Amino acid sequence: MIKRSRLRPFRTLGHRTTDRIWRLGAGARLFWLTLISSGESFRRFHLTIREVYFTGVMSLIIIVVSAFFVGMVLALQGYNTLQKYGSSEAIGVLVALALVRELGPVVTALLFAGRAGTAITAEIGLMKATEQLSAMEMMAVSPIARVIAPRFWAGVIAMPVLAALFSMVGILGGYLVAVPLIGVDSGAFWSQMQANVDWHDDIVNGVIKSVVFGVACTMIALFEGYDAPPTAEGVSRATTRTVVISSLAVLGLDFVLTSFMITL
Amino acid sequence: MERTTIDLWVGIFVALGVAALLGLAMKVGNLTTSNIGITYTVTANFENIGGLKPRAPVKSAGVVVGRVGDIKFDTETFEAVVSLNVDKRYNFPKDTFANIYTAGLLGEQYIGLEAGGDEAMLKNGDKITQTQDAVVLEKMISQFLYNKASESTNDAPAATKSDSASSTKAADDALTASPLDAISKPVTP
Amino acid sequence: MTQNIVEIDNLSFGYKGRMLHQGINMVFPRGKVVAIMGGSGSGKTTLLRLIGGQIRPNKGEVRVDDQVVHKQSREGLYQLRRKMGMLFQHGALFTDLSVYENVAFPMREHTQLPESMIHDLVLMKLHAVGLRGAHQLMPTELSGGMARRVALARAIALDPDIVMYDEPFAGLDPISMGVICDLIRTLNDALGTTSIIVSHDVKETFLIADYVYFVANGTVAAEGTPADLSKSSLPFVHQFVHGEKDGPVPFHYAAGDYKQDLLGFEA
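Protein chains in written order, with my numbering: chain V, 1 to 264; chain W, 1001 to 1189; chain A, 2001 to 2267.
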């Protein structure tokens, strides 16, 4: 007979697996409920606007500052390599493509998870811990329609806007380094960029990515908050999980989306 | 916070986002230049299109006049059938010549249209009959190497001959500048 | 219209392996203040949640206004809940809304009243709990007693037929406790609502309740008017009412032999 302790790793593994699957299902269920009770958040759009303020507008500074630095670093690094091949004019293309296709949506989503996602999780978790969600239920108001759905749509609206801003500010940062600082020709910087950045393949695909990331990050943050045990420790753990799971989801989804976009 | 203040900020936020997207479209992307309005489609057959891709530019005298639509393979003639979406504003004579060019040595491939002198103009659905295939680099290299190899076997006994020497040297010069150096090594005497 | 607005019939509820309630029967007549008392963890609050339809019983049923709560559709349940107001233990005010907006919340959600009327109604409700002057404060700026009064104003915002109070006296200073106590009784009589109080504070509850149920070990251990219960000779009720340390509810959580536990450690 096998000793009980030998079986323990398997039991732990099994428990974790079922737990993960259970959470995935619960998350999907919340997503579905959010979608079908979204009518409320469109009928009374000021609820959503309010949340756009908290998730989007409040994230502006971190997004703009990060984008600026990312763009400048890209230009510096890109120039360093490109000038070896005598094509330093292509720096505009490099900066623009890197930002529009990848860094814009991905870095924005990561920053969003850290800035807005955690705030959402903590807020919902505390609302649950202080019985505010129960109180709403007892007032015959669905917390999903009144609390979850507006935050969801706010995130979905805010993310592409932030990602577009990130890309644009990053390109301006790259421009500042490349043209006045390094001395690349301004005309070449823009014209090469325009010749090689495609509206559909690059910009629209970047926007699609950011919308998908917006759905994923916001939903993860909402679910973690909604599912958090109503204790101080539970909320803090849920907040941490929001960042970890959102980041992994963004990077994983990025790979999947990119592979689809490149083959299509 | 007052609702009006929030509304204002969100309004600014969304406006900034739209502005950024427009900036991306106009200043960064090629939406303005690729914005070809109404087009008409003509087809052209090529024996070899090389690396031509859908949405590649169609240029005439260096100006983008259209884009490549789809590319098909004709199983009867064993040729590539390329459809070109040309801007309605630009008309070309019936005997226009369609070439596949490469932008730079290794750049993307595009179609160049050279207008002929015919009175009649190309219409939607017409076919351009005069075409020139893509230059396939591998073919060119092998041809070049073949020529060179035959040259060097002919000239081997009298390598000092001034004309052959200069031609070999010119070829060598051309090759050392390119990464094809390694390929040419074995046949260089 | 039946005389009892809420009826609990042979109700059982529990989680796997641990039954909280086993065959509870209670009735709550219209216009009365009825209290449910019992020790901590005896499932009093759970009873309120069952009445509110937030959880489903394993057996038996809860009827509100002759409708079985757990057999309602979502719509029906929300319809029923509009007849109920609930005061949560810590108020459960919406921390992102001001006091005014908190009280206005149910009106905005469920009615199409014009802003001016909402304004008047909110101030009337706040006046009833004595906090009209605090309408622009945020919940974080309120003391515990004030927060509970605001929550009470919110609970009665839509003039419900039933108001449920979850531990309304817990954690309050004597003055606030007296205020809440007084409010529950006066509001009940003024609005003609039925009040259900869940509490373990004997003195205050006995002061205002018309009828009291004692819950222990998953069943109704005793019931009656406060006057009857004060004189009751039932050991449990006696222990509870007089706050004795030991009795039918033991001081010690079930444990093994004390000597064994202490000395057995070495071996």
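Heads up, the beta-carbon is just placed ideally off N, CA and C, and yes, glycines get one too. All values reported here derive from a predicted model rather than from experimental measurement.
Within 8 Å, strictly: CB atoms of residue i and residue j
{"i": "residue 2153 of chain A", "j": "residue 2103 of chain A", "result": "yes"}
{"i": "residue 189 of chain V", "j": "residue 91 of chain V", "result": "yes"}
{"i": "residue 1066 of chain W", "j": "residue 1054 of chain W", "result": "no"}
{"i": "residue 2177 of chain A", "j": "residue 2204 of chain A", "result": "yes"}
{"i": "residue 2218 of chain A", "j": "residue 2067 of chain A", "result": "no"}
{"i": "residue 1080 of chain W", "j": "residue 1128 of chain W", "result": "no"}
{"i": "residue 2072 of chain A", "j": "residue 134 of chain V", "result": "no"}
{"i": "residue 2214 of chain A", "j": "residue 2240 of chain A", "result": "yes"}
{"i": "residue 1006 of chain W", "j": "residue 50 of chain V", "result": "yes"}
{"i": "residue 2209 of chain A", "j": "residue 2035 of chain A", "result": "yes"}
{"i": "residue 56 of chain V", "j": "residue 176 of chain V", "result": "no"}
{"i": "residue 2084 of chain A", "j": "residue 2052 of chain A", "result": "yes"}
{"i": "residue 2269 of chain A", "j": "residue 2086 of chain A", "result": "This structure does not reach residue 2269 of chain A, given that chain A is present from 2001 up to 2267, and the question cannot be answered."}
{"i": "residue 2145 of chain A", "j": "residue 2179 of chain A", "result": "yes"}
{"i": "residue 2185 of chain A", "j": "residue 2033 of chain A", "result": "yes"}
{"i": "residue 34 of chain V", "j": "residue 148 of chain V", "result": "yes"}
Within-8 Å CB hit, residue i to chain V
{"i": "residue 995 of chain W", "result": "Outside the displayed span of chain W (1001 to 1189) sits residue 995 of chain W, for which this structure offers no information."}
{"i": "residue 2063 of chain A", "result": "no"}
{"i": "residue 2015 of chain A", "result": "no"}
{"i": "residue 2355 of chain A", "result": "What is shown of chain A runs 2001 to 2267, which leaves residue 2355 of chain A out entirely."}
{"i": "residue 1020 of chain W", "result": "yes"}
{"i": "residue 2109 of chain A", "result": "yes"}
{"i": "residue 2082 of chain A", "result": "yes"}
{"i": "residue 2078 of chain A", "result": "yes"}
{"i": "residue 1063 of chain W", "result": "no"}
Neighbour-count burial assignment, residue i, 16 or more Cβ in a 10 Å radius
{"i": "residue 2106 of chain A", "result": "buried"}
{"i": "residue 1159 of chain W", "result": "Its pLDDT being 47, under 50, residue 1159 of chain W is placed unreliably in this model, and the value from its coordinates should be taken loosely. Counting Cβ neighbours within 10 Å, residue 1159 of chain W comes out exposed, since fewer than 16 surround it."}
{"i": "residue 101 of chain V", "result": "buried"}
{"i": "residue 150 of chain V", "result": "buried"}
{"i": "residue 1165 of chain W", "result": "Only weak support is given to the placement of residue 1165 of chain W: the predicted model assigns it a pLDDT of 47, under 50, and the value that follows is read from those uncertain coordinates. So residue 1165 of chain W counts as exposed."}
{"i": "residue 1148 of chain W", "result": "buried"}
{"i": "residue 1015 of chain W", "result": "exposed"}
{"i": "residue 2222 of chain A", "result": "buried"}
{"i": "residue 238 of chain V", "result": "buried"}
{"i": "residue 2003 of chain A", "result": "exposed"}
{"i": "residue 1140 of chain W", "result": "exposed"}
{"i": "residue 223 of chain V", "result": "buried"}
{"i": "residue 2167 of chain A", "result": "buried"}
{"i": "residue 246 of chain V", "result": "buried"}
Where residue i meets chain V, residues with beta-carbon distance less than 7 Å
{"i": "residue 1003 of chain W", "result": "46"}
{"i": "residue 1014 of chain W", "result": "161"}
{"i": "residue 1006 of chain W", "result": "49, 50 and 53"}
{"i": "residue 1023 of chain W", "result": "168"}
Under 9 Å from the C-beta of residue i: neighbouring residues of chain V
{"i": "residue 2054 of chain A", "result": "134, 137 and 138"}
{"i": "residue 2086 of chain A", "result": "134, 135, 138 and 139"}
{"i": "residue 2106 of chain A", "result": "139, 140 and 141"}
Cutoff 8 Å: residue i Cβ touching any chain W Cβ
{"i": "residue 53 of chain V", "result": "yes"}
{"i": "residue 146 of chain V", "result": "no"}
{"i": "residue 198 of chain V", "result": "yes"}
{"i": "residue 168 of chain V", "result": "yes"}
{"i": "residue 72 of chain V", "result": "no"}
{"i": "residue 26 of chain V", "result": "no"}
{"i": "residue 193 of chain V", "result": "yes"}
{"i": "residue 86 of chain V", "result": "no"}
Contact with chain A by residue i, beta-carbon distance below 8 Å
{"i": "residue 39 of chain V", "result": "no"}
{"i": "residue 141 of chain V", "result": "yes"}
Per-residue contacts from residue i into chain V (C-beta, under 8 Å)
{"i": "residue 1052 of chain W", "result": "Ordered by position in chain V, no residue passes the 8 Å Cβ test against residue 1052 of chain W, which lies about 16 Å from the chain."}
{"i": "residue 2057 of chain A", "result": "Within 8 Å Cβ-Cβ: nothing; residue 2057 of chain A doesn't reach chain V, min ~17 Å."}
{"i": "residue 1017 of chain W", "result": "160, 161, 162, 164 and 165"}
Closer than 8 Å at the beta carbon, the chain A residues around residue i
{"i": "residue 130 of chain V", "result": "2090, 2092 and 2095"}
Under 9 Å from the C-beta of residue i: neighbouring residues of chain W
{"i": "residue 190 of chain V", "result": "1027 and 1028"}
{"i": "residue 203 of chain V", "result": "1021, 1024, 1025, 1028, 1029 and 1031"}
Residues near residue i in its chain [Cβ-Cβ closer than 7 Å; skip 5 each side]
{"i": "residue 16 of chain V", "result": "none"}
{"i": "residue 1039 of chain W", "result": "1066, 1085, 1086, 1087 and 1088"}
{"i": "residue 76 of chain V", "result": "177"}
{"i": "residue 2113 of chain A", "result": "2107"}
{"i": "residue 2170 of chain A", "result": "2089"}
Residues near residue i by beta carbon distance below 6 Å, same chain, minus five either side
{"i": "residue 157 of chain V", "result": "52"}
{"i": "residue 1162 of chain W", "result": "The predicted position of residue 1162 of chain W is uncertain, since its pLDDT is 49 and thus under 50; a value taken from the coordinates is nonetheless stated next. Once the five neighbours on either side are set aside, residue 1162 of chain W has no close Cβ partner at all."}
Nonlocal neighbours in the same chain, by C-beta distance under 8 Å from residue i, ignoring five residues either side
{"i": "residue 106 of chain V", "result": "209, 213, 250, 251 and 254"}
heavy atom of the ligand COA below 7 Å from residue i C-beta
{"i": "residue 2033 of chain A", "result": "Within the structure as shown, the ligand COA is missing, as the structure has no ligands at all."}
Chain W residues whose Cβ lies nearer than 7 Å to that of residue i
{"i": "residue 96 of chain V", "result": "1028"}
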